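Peer 1: My questions all concern the structure below.
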Amino acid sequence: MKTAILSILLTATTLPASAELIITYAENPESNLSTLKNTNVFTFDDLKTGVDKNVSWSGVGSFDQLYVKNADIYGGAASAANPNGTKYSLQGAGTGVLSSTLTLNKDSSYFGMWWSAGDSSNVLKFYENSTLVGTFTTSSLMNLLPSSYDGNPKDRSQDRNEPFAFINFFGDANTAWNKVVLTNNNSSGFESDNYTSRTTAWNPLVDGALPGIPVAIVNGTTTTKVTKDTLAGTKWSLGQTAVAAAPGAPAPPVTLLAAFAGVIGLRQVRARRKQAA
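In case it helps, mature numbering (1 follows the signal peptide of the UniProt record, and there is no 0) puts the sequence shown at residues -19 to -1, 1 to 258.
Structure below.
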C-alpha cells in the first residue's frame, strides 16, 4: 500500500509507514466546482434519470451503478446554462441504490465533489485496492463547516439545516486511491454532483496554494477539525504559505523543495522496483 501522506503535510519530517492521512479543503460556499486545474469533471446531465448500470467516465473509470435524479432542493448543481440546477447522483432515499462504486483506471491523488444536503447517513470511502485509505461522513466532515454553508446556495432558505459544499480531497506524490465508494443506509439520501478527479498529486510549485479553506485531517476513520488559525505556523500550513500566486513572490523554502524532491524521488525508486519485479 502506498503510504498516505497528504500534500499539505509535506515537510522534511518523516511520518510512520502506517500513517493514513487525508486533508480536506472546502471551496467557497457559493461554489459547486473545484478551482484546481487540469482535472476531469463528471456530471450526470447526459444520463437518464433512474437507475443506470455500468456507467463509463471517459478516460477516468467507471461506476457499477448510479441513481440519477433531476434537480430539487436537495441536490443538482446550478450552472450558467441551468441556473435552477442539473441532474445529480443519489444513494438511498428509497431509490434501490444504496451504494455506488467508482473504479478508477489509474491510481489518483485528487478527488472532489459537490456534497449537497449532507446528513449523518452519508458515507464516502477511499480505497487502494482492498485497503481502506480514509472514511468520511457528514457528521465527521460536513458538520465541521461554518453556518455559511448551510442551505442550498440557489436559495439558502431551502434545506437550510443541512450543509452544501464542494469538498476537495488531496493526496501527495506517494498517496493514491483507485476506488471511491458512496453509501447510504436508506434512512435518508446521499446527494452529490460534479465529480472531479486527477491522477497527479497536488504540487505547490505547479498548482500554487491549495484551493479553499481547510476543514479536517482524517487518519483512517479518525477526524480532527482544522482551521487556518489552528494550522498557522505549523508544518500543515507550509503548503499554503510557501507558494503565493502574486508575480515576484519569494521562492518556496528549502524544506518544502526538499520534501517534494524526496517524495518524487521515492516514487521513482518504487516505480523502478515494481518494473524490475
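We put the beta carbon where it would ideally sit given N, CA and C, even for glycine. Quick caveat: nothing in here was measured; it's all calculated off a predicted structure.
Out of curiosity, what's the CA-to-CA distance linking residue 34 and residue 83?
Peer 2: Counting from one through the sequence shown, the residue named residue 34 turns up at place 53. Counting from one through the sequence shown, the residue named residue 83 turns up at place 102. Answer to the nearest angstrom: the Cα atoms are 12 Å apart.
Peer 1: So residue 122 and residue 202 are in contact, right, with Cβ under 8 Å, and what is the actual spacing, rounded?
Peer 2: What you label residue 122 is simply residue 141 of the sequence shown in a count that begins at 1. What you label residue 202 is simply residue 221 of the sequence shown in a count that begins at 1. No, residue 122 and residue 202 are not in contact; Cβ-Cβ is about 12 Å, not under 8 Å.
Peer 1: Straight-line CA distance for residue 161 to residue 91?
Peer 2: Taking the first residue of the sequence shown as position 1, residue 161 is located at position 180. Taking the first residue of the sequence shown as position 1, residue 91 is located at position 110. Rounded to whole angstroms, residue 161 to residue 91 spans 11 Å at the Cα level.
Peer 1: Give me the Cα-Cα distance between residue 72 and residue 134, rounded to the nearest whole angstrom.
Peer 2: Walking along the sequence shown from the start, residue 72 turns up at place 91. Walking along the sequence shown from the start, residue 134 turns up at place 153. Near 21 Å, if we compare the C-alpha coordinates of residue 134 and residue 72.
Peer 1: Please state the DSSP three-state secondary structure of residue 188.
Peer 2: Locating residue 188 in the sequence shown gives position 207, counting from the first residue. The answer is helix: DSSP assigns residue 188 an H, G or I state.
Peer 1: State the Cα-Cα distance for the pair residue 129 and residue 18, rounded to the nearest angstrom.
Peer 2: Translated into positions along the sequence shown, residue 129 becomes position 148. Translated into positions along the sequence shown, residue 18 becomes position 37. Distance between the alpha carbons of residue 129 and residue 18: 25 Å.
Peer 1: Quick check: what's the CA-CA separation for residue 102 versus residue 213?
Peer 2: On the sequence shown, position 121 is the one that residue 102 refers to. On the sequence shown, position 232 is the one that residue 213 refers to. Rounded to the nearest angstrom, the two C-alpha atoms are 32 Å apart.
Peer 1: Per the DSSP calculation, residue 194 is bridged to which residue(s)?
Peer 2: The residue you call residue 194 lines up with position 213 of the sequence shown. Paired residues: 7.
Peer 1: Between the C-alpha atoms of residue 140 and residue 108, what's the straight-line distance to the nearest angstrom?
Peer 2: Against the sequence shown, residue 140 aligns to sequence position 159. Against the sequence shown, residue 108 aligns to sequence position 127. Cα-Cα distance, rounded: 31 Å.
Peer 1: Ordered along the chain, which non-local residues of its own chain (more than five positions away) have a Cβ less than 8 Å from that of residue 25?
Peer 2: Along the sequence shown, read from residue 1 onward, the residue named residue 25 stands at position 44. Cβ within range, chain order: 47, 49, 67, 68, 69, 70, 174.
Peer 1: According to DSSP, is residue 259 helix, strand or coil?
Peer 2: Lying before the first or after the last residue shown, residue 259 is absent from the chain, which here runs from -19 to 258.
Peer 1: Output yes or no for whether 9 Å exceeds the beta carbon distance between residue 6 and residue 163.
Peer 2: Taking the first residue of the sequence shown as 1, we reach residue 6 at position 25. Taking the first residue of the sequence shown as 1, we reach residue 163 at position 182. Not in contact: residue 6 and residue 163 (Cβ atoms no closer than 9 Å).
Peer 1: Quick one: using the 10 Å Cβ neighbour count with 16 as the cut-off for buried, is residue 86 buried or exposed?
Peer 2: Taking the first residue of the sequence shown as 1, we reach residue 86 at position 105. Counting Cβ neighbours within 10 Å, residue 86 comes out exposed, since fewer than 16 surround it.
Peer 1: Between 159, 176, 148, which lies nearest to residue 111 when the distance is taken from Cα to Cα?
Peer 2: As a first step, residue 111 is located in the sequence shown; it is residue number 130 there, counting from the start. The shortest C-alpha separation from residue 111 is found at 159.
Peer 1: Using a threshold of 9 Å, state whether the C-beta atoms of residue 28 and residue 167 are closer than that.
Peer 2: The residue labelled residue 28 in the question sits at position 47 within the sequence shown. The residue labelled residue 167 in the question sits at position 186 within the sequence shown. It is not a contact, given that the beta carbons lie outside the stated cut-off.
Peer 1: May I ask which residues mark the beginning and end of the beta strand (DSSP E) holding residue 261?
Peer 2: This structure leaves residue 261 out entirely; the chain is present only between -19 and 258.
Peer 1: For residue 51 and residue 57, I'd like the C-alpha separation in whole angstroms.
Peer 2: For the purposes of this step, residue 51 is taken as residue 70 along the sequence shown, with counting starting at 1. For the purposes of this step, residue 57 is taken as residue 76 along the sequence shown, with counting starting at 1. Whole-angstrom Cα-Cα distance: 7 Å.
Peer 1: Could you tell me which uninterrupted beta strand (DSSP E) segments, each at least 3 residues in length, are contained entirely in the stretch 103 to 180, listed from first to last along the chain?
Peer 2: 103 to 109, 112 to 118, 146 to 151, 158 to 165, 170 to 179, all fully within the stretch 103 to 180.
Peer 1: Measure the CB-CB distance between residue 32 and residue 93 and report whether it falls below 9 Å.
Peer 2: The sequence position of residue 32 within the sequence shown is 51, counting from 1. The sequence position of residue 93 within the sequence shown is 112, counting from 1. Result no, Cβ atoms of residue 32 and residue 93 do not sit closer than 9 Å.
Peer 1: For residue 13 and residue 147, which I take to be in contact (beta-carbon distance under 8 Å), what is that distance rounded to the nearest angstrom?
Peer 2: As a first step, residue 13 is located in the sequence shown; it is residue number 32 there, counting from the start. As a first step, residue 147 is located in the sequence shown; it is residue number 166 there, counting from the start. Yes, residue 13 and residue 147 are in contact; Cβ-Cβ is about 5 Å, under 8 Å.
Peer 1: Among the candidates 16, 30, 37, 11, whose CA atom is the shortest distance from the CA of residue 23?
Peer 2: Within the sequence shown, the letter at position 42 stands for residue 23. Residue 37 is the option with its Cα nearest to residue 23.
Peer 1: State yes or no: is the C-beta of residue 104 within less than 9 Å of the C-beta of residue 171?
Peer 2: The residue labelled residue 104 in the question sits at position 123 within the sequence shown. The residue labelled residue 171 in the question sits at position 190 within the sequence shown. Contact: yes.
Peer 1: Just to confirm, is the Cβ distance from residue 100 to residue 169 under 9 Å?
Peer 2: As a working mapping, residue 100 is identified with position 119 in the sequence shown. As a working mapping, residue 169 is identified with position 188 in the sequence shown. Cβ atoms of residue 100 and residue 169: closer than 9 Å.
Peer 1: Thinking C-beta only, is residue 178 closer than 9 Å to residue 21?
Peer 2: As a working mapping, residue 21 is identified with position 40 in the sequence shown. As a working mapping, residue 178 is identified with position 197 in the sequence shown. Their beta carbons are under 9 Å apart, which means residue 21 touches residue 178 by this criterion.
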